[in-house]
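Structure first, commentary second.
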Amino acid sequence: VQLQASGGGLVQPEGSLRLSCAATGNILRINLMRWYRQTPGKQRELVATITSGDSTIYVDSVKGRFTISRDNAKNTVYLQMDNLKPEDTAVYYCNAVIQDKLGWNAYWGQGTQVTVSS
């Protein structure tokens with residue numbers, strides 16, 4: 001199983017970006033899907049979570065600006081980021097709890113850089 005993240009880039013403040021993360025491989029089921037972010041010298045921060053039932057949870061700093069969603073047919077999770085701020089600059093990582101033939105495991109994507117700057 002692999003997770004492939006994409007969609008990062010450079011955007012001006014108040015702009016928008018949409019991140020995608022697709023899971024591929026011998027996947028039986030996917031439970032939780034999450035987005036984290038990390039800046040140099042800081043711990044990785046959980047940004048948003050979506051359950052298999054489409055319940056969502058956000059860190060306070062992104063509530064009302066970010067939206068996490070998933071397409072189960074494509075094994076893909078998205079993060080729509082609106083009204084971006086310079087403090088959102090970070091490497092964003094996707095994470096998913098996936099059942100394959102070996103059982104349940106957590107997998108990470110490779111990270112995608114988001115830079116918010118004028």
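Residue 18 in this note's numbering sits at position 18 of the sequence shown; the count goes up by one each step and never skips.
Even for Gly, the Cβ is constructed at its ideal location relative to N, Cα and C.
All values reported here derive from a predicted model rather than from experimental measurement.
Sub-9 Å separation of residue i and residue j beta-carbons
i          : j          : result
residue 1  : residue 33 : no
residue 92 : residue 98 : no
Helix, strand or coil at residue i according to DSSP, with G and I counted as helix
i           : result
residue 6   : strand
residue 1   : coil
residue 71  : strand
residue 59  : coil
residue 54  : coil
residue 88  : helix
residue 102 : coil
residue 28  : coil
residue 95  : strand
Counterpart residues of residue i in DSSP-defined beta bridges
i          : result
residue 45 : 37
Delimiting residues of the beta strand (DSSP E) encompassing residue i
i          : result
residue 16 : Segment: none, residue 16 is in no beta strand (DSSP E) and carries neither H nor E.
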